[in-house]
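Asks: Chains as they are written, first to last, in the working numbering: chain A, 8 to 122; chain B, 8 to 119.
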Amino acid sequence: AQSVTQPDIHITVSEGASLELRCNYSYGATPYLFWYVQSPGQGLQLLLKYFSGDTLVQGIKGFEAEFKRSQSSFNLRKPSVHWSDAAEYFCAVGTANFGNEKLTFGTGTRLTIIP
Amino acid sequence: DGGITQSPKYLFRKEGQNVTLSCEQNLNHDAMYWYRQDPGQGLRLIYYSQIVNDFQKGDIAEGYSVSREKKESFPLTVTSAQKNPTAFYLCASSVGLVYEQYFGPGTRLTVT
Numbered sequence: 008a009q010s011v012t013q014p015d016i017h018i019t020v021s022e023g024a025s026l027e028l029r030c031n032y033s034y035g036a037t038p039y040l041f042w043y044v045q046s047p048g049q050g051l052q053l054l055l056k057y058f059s060g061d062t063l064v065q066g067i068k069g070f071e072a073e074f075k076r077s078q079s080s081f082n083l084r085k086p087s088v089h090w091s092d093a094a095e096y097f098c099a100v101g102t103a104n105f106g107n108e109k110l111t112f113g114t115g116t117r118l119t120i121i122p
Numbered sequence: 008d009g010g011i012t013q014s015p016k017y018l019f020r021k022e023g024q025n026v027t028l029s030c031e032q033n034l035n036h037d038a039m040y041w042y043r044q045d046p047g048q049g050l051r052l053i054y055y056s057q058i059v060n061d062f063q064k065g066d067i068a069e070g071y072s073v074s075r076e077k078k079e080s081f082p083l084t085v086t087s088a089q090k091n092p093t094a095f096y097l098c099a100s101s102v103g104l105v106y107e108q109y110f111g112p113g114t115r116l117t118v119t
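Pasting the structure below:
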């Protein structure tokens, strides 16, 4: 069965530093891949998505993610974080096994920004 | 503006009462979903619906019920049978089950 793993429960980064959040998936074919952000008490907002084509995807708020098939990964990156980036980040994987299409969310990574 | 609305933002109920959470979308999406989120936890799927008048149980459907009488509406009822109803509830919609989901702002339910 397909699964999504976000290995880091909590990450702390200094403001202005670079960021990489990890996401690994288990699925036999190429999945659809997504990253979401959730501020406290809010709904989830889509940051970016990958369906096919260029494996480096640009998203909103200066984020990007790279699909690496050989590593079954879709890590989220930002070159310089801002205090407003503090939030919970969720990776999600869309898989299309016949009769069992679904979107599976990871358990999330909480990002703390320190001055 | 297209989007998903959930009302109310905060809801308080006494134990033993049923309560219905509203979810409306004007994105013309076929699929709609309900998730539960507890502090520090990820999303857990309660129910989902692919088309009008049809819905399926998710991972934690016990104590909840839904209806899908209109494409744009997918209300969730938290029944008195739900043992731990206090949580943050999120509604979402998408064009199909493998595609990106768009989320509402959530309803925080407190049962005392």
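Even for Gly, the Cβ is constructed at its ideal location relative to N, Cα and C.
1. Can you round the beta-carbon distance between Thr-119 of chain B and Lys-16 of chain B to whole angstroms, since I take them to be within the 8 Å contact cut?
2. Three-state secondary structure (DSSP) at Ile-67 of chain A?
3. Under the rule that 16 or more other beta-carbon atoms within 10 Å means buried, what is Ile-11 of chain B, buried or exposed?
4. What first and last residue would you give for the beta strand (DSSP E) that runs through Ala-99 of chain A?
5. Taking C-beta to C-beta, are Cys-30 of chain B and Phe-62 of chain B nearer than 7 Å?
6. Bridge partners for Cys-30 of chain B per DSSP, in chain order?
7. Counting contacts by CB-CB distance shorter than 7 Å, is Lys-109 of chain A in contact with chain B?
8. Starting from Tyr-39 of chain A, find everything on chain B with Cβ-Cβ shorter than 9 Å and list it in chain order.
9. How about the segment 87 to 98 of chain B and the segment 31 to 38 of chain A: do they share at least three Cβ pairs that are nearer than 8 Å?
10. Inspect the CB distances between the segment 62 to 82 of chain A and the segment 57 to 74 of chain B and report whether three or more fall short of 8 Å.
11. Is it buried or exposed, Gly-50 of chain A, if we count other Cβ atoms within 10 angstroms and call 16 or more buried?
12. Buried or exposed for Lys-75 of chain A, going by 16 or more other Cβ atoms inside 10 Å?
13. Tell me where the beta strand (DSSP E) around Trp-42 of chain A begins and ends.
14. Judging by CA-CA distance, which residue of B:Glu-79, B:Pro-112, B:Leu-116 and B:Ala-88 is the nearest neighbour of Val-102 of chain B?
15. Inspect the CB distances between the segment 17 to 27 of chain B and the segment 25 to 34 of chain A and report whether three or more fall short of 8 Å.
16. Rounded to whole angstroms, what is the Cα-Cα separation between Phe-41 of chain A and Gly-65 of chain B?
17. Tell me the DSSP secondary structure of Ser-91 of chain A in three-state form.
Replies: The answer reads as follows:
1. Stepping through the second sequence from its first residue, residue 119 of chain B is reached at position 112. Stepping through the second sequence from its first residue, residue 16 of chain B is reached at position 9. Wrong, their Cβ atoms sit about 18 Å apart, outside the cutoff.
2. Start at 1 with the first residue of the first sequence, and residue 67 of chain A comes out as number 60. Three-state result, Ile-67 of chain A: helix.
3. Residue mapping note: residue 11 of chain B aligns to position 4 of the second sequence, counting from 1. With 16 or more Cβ atoms within 10 Å of its Cβ, Ile-11 of chain B is classed as buried.
4. Taking the first residue of the first sequence as 1, we reach residue 99 of chain A at position 92. Boundaries of the beta strand (DSSP E) around Ala-99 of chain A: 94 to 104.
5. Position 23 of the second sequence, counted from the first residue, corresponds to residue 30 of chain B. Position 55 of the second sequence, counted from the first residue, corresponds to residue 62 of chain B. No, Cβ-Cβ distance for Cys-30 of chain B and Phe-62 of chain B is not below 7 Å.
6. For this step, residue 30 of chain B is matched to residue 23 along the second sequence. Note: Cys-30 of chain B sits in a beta bridge opposite B:Gln-13.
7. Along the first sequence, one-based indexing puts residue 109 of chain A at 102. Nearest CB-CB separation between Lys-109 of chain A and chain B: below the 7 Å threshold.
8. Looking up residue 39 of chain A in the first sequence gives position 32. Correct list: Val-105, Tyr-106 and Glu-107.
9. Output reads no: the segment 31 to 38 of chain A does not touch the segment 87 to 98 of chain B.
10. Counting C-beta pairs with one atom in each stretch, the segment 62 to 82 of chain A and the segment 57 to 74 of chain B have fewer than three that are closer than 8 Å, which means they do not touch.
11. On the first sequence, position 43 is the one that residue 50 of chain A refers to. The C-beta of Gly-50 of chain A has 16 or more other C-beta atoms within 10 Å across all chains shown, which makes the residue buried.
12. Here residue 75 of chain A corresponds to residue number 68 of the first sequence, with the count starting at 1. With fewer than 16 other Cβ atoms inside 10 Å of its own Cβ, Lys-75 of chain A counts as exposed.
13. For this step, residue 42 of chain A is matched to residue 35 along the first sequence. Taken as a continuous stretch (DSSP letters only), the beta strand (DSSP E) holding Trp-42 of chain A covers 39 to 45.
14. Sequence index remark: in the second sequence, residue 102 of chain B carries index 95 (1-based). Taking Val-102 of chain B as reference, the option from B:Glu-79, B:Pro-112, B:Leu-116 and B:Ala-88 with the minimal CA-CA separation is B:Glu-79.
15. Because the criterion of three Cβ pairs below 8 Å is not met, the segment 17 to 27 of chain B and the segment 25 to 34 of chain A do not touch.
16. Stepping through the first sequence from its first residue, residue 41 of chain A is reached at position 34. Stepping through the second sequence from its first residue, residue 65 of chain B is reached at position 58. The alpha-carbon atoms of Phe-41 of chain A and Gly-65 of chain B are separated by roughly 20 Å.
17. On the first sequence, position 84 is the one that residue 91 of chain A refers to. In this structure, DSSP gives Ser-91 of chain A a helical state, which the three-state scheme calls helix.
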